[in-house]
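Enquirer: A single structure is presented below for examination.
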Amino acid sequence: MPSDAAQDASPPNPPPPNPPAATRNTSPDAPRDTIPAPAEPVTPGMPLAPRPKPIIPPILIDRDLPGPLSLKRLTILGSVGGLDSRSGYWIEHADTLYGRAMITERIIPFATIACAFTALWVWMGGTFPDTLDVMSRSHFRKTHHGRRVRAFDRKVEHRDLARIGPLRVTRPARTVCDIVTIFGDRTEDMLLIEPIADCMDVYDFSPGDCMTILDENPCMPTVPQARTLLRSVSRIYAQRRAGNNSAPSSEEAKNEISPA
1 MPSDAAQDAS
11 PPNPPPPNPP
21 AATRNTSPDA
31 PRDTIPAPAE
41 PVTPGMPLAP
51 RPKPIIPPIL
61 IDRDLPGPLS
71 LKRLTILGSV
81 GGLDSRSGYW
91 IEHADTLYGR
101 AMITERIIPF
111 ATIACAFTAL
121 WVWMGGTFPD
131 TLDVMSRSHF
141 RKTHHGRRVR
151 AFDRKVEHRD
161 LARIGPLRVT
171 RPARTVCDIV
181 TIFGDRTEDM
191 LLIEPIADCM
201 DVYDFSPGDC
211 MTILDENPCM
221 PTVPQARTLL
231 RSVSRIYAQR
241 RAGNNSAPSS
251 EEAKNEISPA
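When we follow full-length UniProt numbering, the leftmost residue of the sequence shown carries the number 1, and every step to the right adds one.
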């Protein structure tokens, strides 16, 4: 006769299945790139909790600090990334995708879409660009936080846009297309090849995806020069896929810039 302990014992709960790996949606309206989803805490039966506001605001203004030299001091110490003599952004916020989106949303003009080099900074980080690149039909003569605003009035498909928190931004593949149409095949433009290839590694898209966007937008300026630059990117992209380059893997890079 089985013991009471044996009768009370129940089979252990099976481990939860692993979530399915992200796959590329191949429908005509699907994005060409893959953006890692943010890890949000979810309580069963409860609505998603709102994201807490940061204790330190994304943008620091000199009037918010104790003295006129505080901003300069924080910039020298590396706690603040300077924008102009009166403002800067908290460096720790710039370490995450969501943090960079918060910073950018506070800097660019209202009701605009971050694109080109501003969007590339949102996706990849690094040094904040010298200009604020946005999609808008307006013209902006006034600088914002010491940066000149470059407005581009271009057609963009809904699938080529993303929203990160409060920020509207072009997706990585469209961002690269905007950059290569701004520049051409000059020698100094070749410096863009490695950063563009890095973005392709992180967000899982190819030069061919960018060529497709150019085909869909034949009226975009400097398309011939853009194709020339993308062909140079294709060579680096192919070398990395062949294992001839010691670039970090896509998964490692995703972990480095995972959303907050």
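Using N, Cα and C, we set each Cβ at its ideal position, and we do this for glycine too. For clarity, every value in this text was computed on a predicted model and none was experimentally measured.
1. Is there contact between the segment 77–87 and the segment 140–156, where contact requires at least three CB pairs shorter than 8 angstroms?
2. Is it the case that the Cβ atoms of residue 262 and W123 are separated by a distance below 8 angstroms?
3. In whole angstroms, give me the CA-to-CA distance for R227 and R63.
4. Between D160, S136, V169, which lies nearest to F117 when the distance is taken from Cα to Cα?
5. Return yes when the C-beta of F140 is under 7 angstroms from any heavy atom of the ligand MN, and no when it is not.
6. Go to T222, then tell me how far its alpha helix (DSSP H) extends in each direction, as first and last residue.
7. Would you mind working out which of R241, D178, A197, D201 sits nearest Q225, comparing C-alpha positions?
8. Is V156 helix, strand or coil when you go by DSSP?
9. Output yes or no for whether 8 angstroms exceeds the beta carbon distance between C210 and A173.
10. Work out the CA separation of I107 and residue 278 for me, nearest whole Å.
11. For R137, does the three-state DSSP call read helix, strand or coil?
12. Going by DSSP, what residue range makes up the alpha helix (DSSP H) through residue 272?
13. Going by CA-CA distance only, name the one from H139, S232, M190, I164 that's closest to M102.
14. Here's the rule: buried if 16 or more other CB atoms are within 10 angstroms of the residue's CB, otherwise exposed. What is T23?
15. Taking the alpha helix (DSSP H) that D209 falls in, what are its first and last residues?
16. Measuring only the C-alpha atoms, how far is E194 from R240?
17. Under 8 angstroms by Cβ, that's how I've got D133 and F152 pegged, so tell me the actual separation to the nearest angstrom.
18. Grab me the residues of H93's own chain with a C-beta within less than 8 angstroms of its C-beta, minus the 5 sequence neighbours each way, in chain order.
19. In angstroms with no decimal places, state the Cα-to-Cα distance between D95 and C199.
20. Give the secondary structure of A119 by DSSP, where H, G and I count as helix, E and B as strand, and everything else as coil.
21. Under the three-state reduction of DSSP, which class applies to I236: helix, strand or coil?
22. Classify residue 261 as helix, strand or coil using the three-state DSSP reduction.
23. Would you kindly report the start and end of the unbroken alpha helix (DSSP H) that includes L191?
24. In angstroms with no decimal places, state the Cα-to-Cα distance between A242 and G125.
25. Ordered along the chain, which non-local residues of its own chain (more than five positions away) have a Cβ less than 7 angstroms from that of P129?
26. So, with DSSP's three-state summary, where would you put A30?
27. In terms of alpha-carbon separation, which member of I76, V176, K155 lies closest to V233?
Expert: For this structure:
1. yes
2. Past the edges of the chain, shown from 1 to 260, lies residue 262, and the structure says nothing about it.
3. Within the sequence shown, the letter at position 227 stands for residue 227. Within the sequence shown, the letter at position 63 stands for residue 63. Each residue's alpha carbon lies about 47 angstroms from the other.
4. One-based indexing of the sequence shown puts residue 117 at position 117. If we check each option's Cα against that of F117, V169 comes out closest.
5. The model on display carries no ligand, and the ligand MN is accordingly not part of it.
6. Against the sequence shown, residue 222 aligns to sequence position 222. Run containing T222: none; DSSP gives neither H nor E here.
7. As a working note, residue 225 is residue 225 in the sequence shown. Comparing Cα positions, the closest option is D178.
8. Position 156 of the sequence shown, counted from the start, is the residue given in the question as residue 156. Coil, per DSSP.
9. Position 210 of the sequence shown holds residue 210. Position 173 of the sequence shown holds residue 173. Contact flag set, yes.
10. A query on residue 278 cannot be resolved here, the shown segment of the chain reaching from 1 to 260 and no further.
11. Locating residue 137 in the sequence shown gives position 137, counting from the first residue. Residue state, collapsed to three classes: coil.
12. Any property of residue 272 remains undetermined from this structure, which presents the chain solely from 1 to 260.
13. By one-based count along the sequence shown, residue 102 stands at place 102. For the residues H139, S232, M190, I164, the minimum Cα distance to M102 belongs to I164.
14. As a first step, residue 23 must be located in the sequence shown, where it is residue number 23. Because the pLDDT at T23 is just 49, under 50, the model does not fix this residue reliably, and the value given afterwards should be weighed accordingly. Using a 10 angstroms sphere on the CB of T23, the tally of other CB atoms stays under 16, which defines it as exposed.
15. Position 209 of the sequence shown, counting from 1, holds the residue named residue 209. Where D209 is concerned, the enclosing alpha helix (DSSP H) stretches over 207–216.
16. Here the question's residue 194 lines up with position 194 in the sequence shown. Here the question's residue 240 lines up with position 240 in the sequence shown. Computed Cα separation, rounded: 11 angstroms.
17. Within the sequence shown, the letter at position 133 stands for residue 133. Within the sequence shown, the letter at position 152 stands for residue 152. Contact flag correct, Cβ pair sits at about 7 angstroms.
18. As a working note, residue 93 is residue 93 in the sequence shown. Excluding positions up to five away in sequence, the list reads P54, I56, P58, G99, R100, M102, I103.
19. To locate residue 95, count along the sequence shown from 1; it is residue 95. To locate residue 199, count along the sequence shown from 1; it is residue 199. Roughly 16 angstroms between the two C-alpha positions.
20. For the purposes of this step, residue 119 is taken as residue 119 along the sequence shown, with counting starting at 1. Here A119 sits in helix by DSSP.
21. Here the question's residue 236 lines up with position 236 in the sequence shown. Looking at I236 - three-state DSSP - the assignment turns out to be helix.
22. In the structure as shown, the chain begins at 1 and stops at 260. Residue 261 is therefore absent and cannot be evaluated.
23. The residue you call residue 191 lines up with position 191 of the sequence shown. Note, L191: premise wrong, no alpha helix (DSSP H); not H, not E.
24. Numbered from 1 along the sequence shown, position 242 holds the residue referred to as residue 242. Numbered from 1 along the sequence shown, position 125 holds the residue referred to as residue 125. So the two alpha carbons sit approximately 26 angstroms from each other.
25. For the purposes of this step, residue 129 is taken as the residue at position 129 of the sequence shown. Hits under 7 angstroms: F117, T118, W121.
26. For the purposes of this step, residue 30 is taken as the residue at position 30 of the sequence shown. Here A30 sits in coil by DSSP.
27. Here residue 233 refers to the residue found at position 233 of the sequence shown. The candidate whose alpha carbon is nearest that of V233 is V176.
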